[in-house]
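This report refers to the structure that appears directly beneath it.
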Amino acid sequence: MKKDILSLLPGEIEEELVALGEPKFRAEQVFSWLHRGVRDFDEMTNLPRSLREKLRERFALYRPKVLKKQVSQLDGTIKYLWELRDGNAVETVVMQYKHGNTVCVSSQVGCRQGCAFCASTIGGLVRNLEPSEILDEVLFSQLDSGREISNIVLMGIGEPLDNFDNVMRFLALVNHPKGLNIGMRHISLSTCGLIERFEDLAERDLQLTLSVSLHAPDDETRSKIMPANRGRGVEALMEACRKYYDKTGRRISFEYAMIDGVNDTEKHARLLAKEAKSVAAHVNLIPLNHVEERQFKPSTAGHMKAFIRILEESGVNVTVRRRLGSDVDASCGQLRRKMQKSSAGSAEETAREDS
Numbered sequence: 001m002k003k004d005i006l007s008l009l010p011g012e013i014e015e016e017l018v019a020l021g022e023p024k025f026r027a028e029q030v031f032s033w034l035h036r037g038v039r040d041f042d043e044m045t046n047l048p049r050s051l052r053e054k055l056r057e058r059f060a061l062y063r064p065k066v067l068k069k070q071v072s073q074l075d076g077t078i079k080y081l082w083e084l085r086d087g088n089a090v091e092t093v094v095m096q097y098k099h100g101n102t103v104c105v106s107s108q109v110g111c112r113q114g115c116a117f118c119a120s121t122i123g124g125l126v127r128n129l130e131p132s133e134i135l136d137e138v139l140f141s142q143l144d145s146g147r148e149i150s151n152i153v154l155m156g157i158g159e160p161l162d163n164f165d166n167v168m169r170f171l172a173l174v175n176h177p178k179g180l181n182i183g184m185r186h187i188s189l190s191t192c193g194l195i196e197r198f199e200d201l202a203e204r205d206l207q208l209t210l211s212v213s214l215h216a217p218d219d220e221t222r223s224k225i226m227p228a229n230r231g232r233g234v235e236a237l238m239e240a241c242r243k244y245y246d247k248t249g250r251r252i253s254f255e256y257a258m259i260d261g262v263n264d265t266e267k268h269a270r271l272l273a274k275e276a277k278s279v280a281a282h283v284n285l286i287p288l289n290h291v292e293e294r295q296f297k298p299s300t301a302g303h304m305k306a307f308i309r310i311l312e313e314s315g316v317n318v319t320v321r322r323r324l325g326s327d328v329d330a331s332c333g334q335l336r337r338k339m340q341k342s343s344a345g346s347a348e349e350t351a352r353e354d355s
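Throughout the sequence shown, residue numbering follows the numbering used here, covering 1 to 355 in sequence.
Written as structure tokens, this is what we have:
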């Protein structure tokens, strides 16, 4: 098996080149080419031909393929469906804000967490993404769109903390000054609450923003819509959030999808306010995007307004996420799911014809 050179840091590439009898300074040249999007060793024109041949023999490179690209006519949001080297596909979304362009990346093919309102979990987890594959989502979204990426959110398909080591290496790669050099303060990592990884993350002191997908402030509601809550619980999650905040000094954000009749009552609002204040968290309310296979509906405007009023009166810092890309299946997992259904339908039709 050839090695994945794009997942290596400069020092590691240097070690590989020295083992091949090459000078150390070539490592920085190779790293620079890779992080500019070059995926053919022959295009690394400042390297000797002999070295390019050695690299081709020892290392693998792959350029992700655009299976589908949708551009919103409403706000310019771009949604990509990328084909990976093994034929699997993941989604990436490029969004425009006043403060710059943000890319939302996936960290896994599928997801094992089973959140009841999410399209990404339908079909479960297929595999983890390699660090290089996550990096390519950022790099090729930037190259294809022509928009310079200044912010990253790990909120696409998958649970980042369930792919911890690969995600940590991706962060080191994308933050490297000789690469894309995107600062940690411009990166948000979203988790459904795998609290067993919070301490590991805090120990790294990465200065990123930790976003907890809370979606319900009580065990009864949260366990119904988020299986990850079972065996952990809201109380344990809040304690893990407090420890993380105390260790890093970085304020946590609570992501909260507003689901009609499920988690948007006055009772939920007051409980959420209590929990948010206990850990000094910011609350980001999300108008639910409808998923065809799910029965949930977004909260009404009246419920949303009442919910916000209770939070604000309780002294909680609350914002409502802008709905971007609603005309291009921008909700996590929707485009991949459509492709899967289309492929399954084509397979069934072929089977009928063959029979």
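Note that CB positions come from ideal geometry on N, CA and C, so glycine has one too.
Straight-line gap, residue i to residue j (C-alpha atoms, nearest Å)
{"i": "H303", "j": "V262", "result": "11 Å"}
{"i": "E130", "j": "R309", "result": "43 Å"}
{"i": "N46", "j": "H215", "result": "52 Å"}
{"i": "M184", "j": "Q207", "result": "6 Å"}
{"i": "T209", "j": "T191", "result": "11 Å"}
{"i": "R52", "j": "R58", "result": "10 Å"}
{"i": "R232", "j": "F164", "result": "18 Å"}
{"i": "L180", "j": "Q70", "result": "25 Å"}
{"i": "T248", "j": "V283", "result": "19 Å"}
{"i": "K2", "j": "L17", "result": "15 Å"}
{"i": "L201", "j": "R242", "result": "13 Å"}
{"i": "H99", "j": "P23", "result": "42 Å"}
{"i": "K297", "j": "R85", "result": "36 Å"}
{"i": "S145", "j": "P287", "result": "27 Å"}
{"i": "I5", "j": "L173", "result": "12 Å"}
{"i": "F170", "j": "T221", "result": "34 Å"}
{"i": "P10", "j": "A116", "result": "41 Å"}
{"i": "E14", "j": "M155", "result": "33 Å"}
{"i": "Y244", "j": "T319", "result": "22 Å"}
{"i": "E239", "j": "V279", "result": "8 Å"}
{"i": "V30", "j": "S50", "result": "14 Å"}
{"i": "L237", "j": "P48", "result": "54 Å"}
{"i": "I182", "j": "V103", "result": "12 Å"}
{"i": "G87", "j": "W33", "result": "25 Å"}
{"i": "E196", "j": "E203", "result": "13 Å"}
{"i": "M226", "j": "C118", "result": "10 Å"}
{"i": "Q295", "j": "R127", "result": "27 Å"}
{"i": "L143", "j": "K79", "result": "14 Å"}
{"i": "A351", "j": "N175", "result": "For A351, the pLDDT reaches just 45, beneath the cut-off of 50, and the residue's location in the model is therefore unreliable, although a value from the coordinates is still provided. Roughly 48 Å between the two C-alpha positions."}
Neighbourhood of residue i by C-beta distance below 6 Å, restricted to the same chain and skipping five residues each side
{"i": "K54", "result": "L20"}
{"i": "A228", "result": "Q113, C192, G193"}
{"i": "S223", "result": "N229, R230"}
{"i": "S299", "result": "M258, D260, D264"}
{"i": "S211", "result": "S188, S190, S253, E255"}
{"i": "L271", "result": "P217, D218"}
{"i": "G123", "result": "G110"}
{"i": "E199", "result": "none"}
{"i": "L61", "result": "R39"}
{"i": "S395", "result": "This structure gives no information on residue 395, because the portion of the chain shown stretches from 1 to 355."}
{"i": "L8", "result": "none"}
Test: residue i CB closer than 8 Å to a CB of chain B
{"i": "M184", "result": "Among the chains in the structure shown there is no chain B, since it carries only a single protein chain."}
Own chain partners of residue i with C-beta closer than 8 Å, once the 5 adjacent residues on each side are dropped
{"i": "W82", "result": "P64, K65, V66, L67, A89, V90, E91, T92, D136, E137, F140"}
{"i": "I157", "result": "V90, E91, S106, S107, Q108, V109, G110, C111, S120, C332, G333, R336"}
{"i": "V38", "result": "M44"}
For residue i, three-class secondary structure by DSSP
{"i": "S7", "result": "helix"}
{"i": "Q142", "result": "helix"}
{"i": "N163", "result": "helix"}
{"i": "P227", "result": "helix"}
{"i": "V30", "result": "helix"}
{"i": "A281", "result": "coil"}
{"i": "K65", "result": "strand"}
{"i": "F307", "result": "helix"}
{"i": "V38", "result": "coil"}
{"i": "L288", "result": "coil"}
{"i": "S188", "result": "strand"}
{"i": "S50", "result": "helix"}
{"i": "T45", "result": "coil"}
{"i": "E14", "result": "helix"}
{"i": "S355", "result": "The predicted model places S355 with a pLDDT of 47, which falls under 50 and marks its position as unreliable, so this point remains unresolved."}
{"i": "A273", "result": "helix"}
For residue i: DSSP bridge partner residues
{"i": "Y244", "result": "BP columns for Y244 are empty, so no partner."}
{"i": "T92", "result": "Y80"}
{"i": "Q108", "result": "N128"}
{"i": "Y97", "result": "G100"}
{"i": "N151", "result": "T102"}
{"i": "P298", "result": "I259"}
8 Å contact criterion, which residue i and residue j should meet: CB distance rounded
{"i": "I134", "j": "V105", "result": "6 Å"}
{"i": "R56", "j": "F41", "result": "5 Å"}
{"i": "V167", "j": "P177", "result": "Contact doesn't hold; Cβ gap of about 20 Å is too wide."}
{"i": "M269", "j": "F307", "result": "Met is not the amino acid found at residue 269; the sequence shown has Ala there. Going by Cβ atoms, the distance from A269 to F307 rounds to 5 Å, so yes, they are a contact pair."}
{"i": "E148", "j": "N101", "result": "6 Å"}
Contact test: residue i Cβ vs the ligand MN heavy atom, cutoff 7 Å
{"i": "G158", "result": "As for the ligand MN, it is missing from this structure, which has no ligand bound."}
Own chain partners of residue i with C-beta closer than 7 Å, once the 5 adjacent residues on each side are dropped
{"i": "V316", "result": "A273, A276, K277, V283"}
{"i": "K267", "result": "none"}
{"i": "R36", "result": "none"}
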